[in-house]
Amino acid sequence: MILKSIALVVGLAVLSGPATAQVTEAPQRSTPEERDRVRPLFEAAGLPELLDVIRKEGLTHAEDLKEELFPDRGEATWPAFVSAAYDVDRMAAILLDNLAAEFEPWHVDPLMDFFTSDLGERIVRLEVSARVALLEPSVEDAAKDILSAMRSTGDARLGVLEDFVAANDLLEMNVASSLNANYAFYSGLAGAGVMDHFPGEGEMVQEVWRQEPEIRAETEEWLFAFLAMAFQPLSDEEINTYSELSLSEAGRRFNRKLFSAFDELFQTVSYDLGLAAGRFLDGEDL
Numbered sequence: 051m052i053l054k055s056i057a058l059v060v061g062l063a064v065l066s067g068p069a070t071a072q073v074t075e076a077p078q079r080s081t082p083e084e085r086d087r088v089r090p091l092f093e094a095a096g097l098p099e100l101l102d103v104i105r106k107e108g109l110t111h112a113e114d115l116k117e118e119l120f121p122d123r124g125e126a127t128w129p130a131f132v133s134a135a136y137d138v139d140r141m142a143a144i145l146l147d148n149l150a151a152e153f154e155p156w157h158v159d160p161l162m163d164f165f166t167s168d169l170g171e172r173i174v175r176l177e178v179s180a181r182v183a184l185l186e187p188s189v190e191d192a193a194k195d196i197l198s199a200m201r202s203t204g205d206a207r208l209g210v211l212e213d214f215v216a217a218n219d220l221l222e223m224n225v226a227s228s229l230n231a232n233y234a235f236y237s238g239l240a241g242a243g244v245m246d247h248f249p250g251e252g253e254m255v256q257e258v259w260r261q262e263p264e265i266r267a268e269t270e271e272w273l274f275a276f277l278a279m280a281f282q283p284l285s286d287e288e289i290n291t292y293s294e295l296s297l298s299e300a301g302r303r304f305n306r307k308l309f310s311a312f313d314e315l316f317q318t319v320s321y322d323l324g325l326a327a328g329r330f331l332d333g334e335d336l
């Protein structure tokens, strides 16, 4: 089973009687003071808006999952569970908590300076609006067609986008996050007791790694199509300025923290989905 990534992180930028499914509540890692300090950056970087998009992506992904795995069960209860798993306030709490933990105060100011500047605010708007537009399959297809045309003509903008991806380590981090989310989903299935196909953890790991080439190819195509679309109104110089921020000490720290926080979020949601899906597969109704 190949699971399409439930979300891609871009730059600074889951019949024995009724049962009740509950979403996982991750323990807090940061202090209230740390969260209050980072919250303005969280908002300036457009993360609340991004979580709205991730919720929409996740609801669609979960409906596809239901049709693939248990099309005749959970008509009423599965959507309610999925909605709770992708609750924006819950996701925001997980993300902000992980992002804020031990995030050095002196790194916040330069990042806030950028994201509250005219260029920073414009970039955030472009990134969020592109993610919203790509919710429509026809728009995603069109963006991929544009990318294909850029590649066939050797468009110089591709080099600028490649530098941006390298500066943020976007491809490797997104692939790793997708693999971790898939493993978490299988772990949820195992927790529900329906993993006869995978006798042990080693086999689960092998199955996840078997998916890596396909996930990498799909991620790379989506990522560059997204960037080509989102950054089309920007000049090369403006994109390079964004890359320079990513390469700064504050930018590198923010990216590492951001990817770690999203990784934790996606693993939490994916495990919840796997556990609930496994219980449906086992004949229960939630």
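Residue numbers (the numbering used here): 51 to 336. Where is the CB? At the ideal position from N, CA and C, for every residue including glycine. Note that this is a predicted model, so its numbers are computed, not measured.
Where residue i falls: helix, strand or coil (DSSP)
i	result
A95	coil
T203	helix
G243	coil
D122	coil
D219	coil
D195	helix
E186	coil
P283	coil
S80	coil
Beta-carbon spacing of residue i, residue j below 7 angstroms
i	j	result
K106	L185	yes
K194	A275	yes
A150	V88	yes
I289	V178	no
L119	A326	no
G238	Y321	yes
D102	V244	no
G96	V182	no
L220	L273	yes
T203	A94	no
Residue i, enclosing alpha helix (DSSP H) - first and last residue
i	result
F309	E299 to L331
D163	P155 to F165
A143	V138 to A150
S179	D168 to A183
G252	E251 to R260
S133	T127 to A135
For residue i, the nearest candidate out of the options (CA to CA)
i	options	result
E190	A327, A226 and E268	E268
R303	D102, R85, E154 and A234	E154
P263	P121, S228 and K116	S228
M279	A112, P121, Y236 and M200	M200
F309	M162, L284, V225 and G204	V225
V215	T318, S285 and L297	L297
K307	D168, D246 and V158	V158
Q78	S285, F330, D147 and D163	D147
A126	V138, E113 and Y136	E113
T81	I104, E152, S133 and V103	E152
A234	N218, K116, V258 and D213	V258
P160	R329, G324 and G301	G301
L145	N232, D313, R329 and L323	D313
L323	D139, I265, V132 and R207	V132
Residue i Cβ short of 6 angstroms to the ligand MN heavy atom set
i	result
L297	For the structure depicted, the ligand MN is absent and the ligand set is empty, with no information on it obtainable.
Cβ of residue i within 7 angstroms of any chain D Cβ
i	result
D147	No chain D is part of this structure, which consists of one protein chain only.
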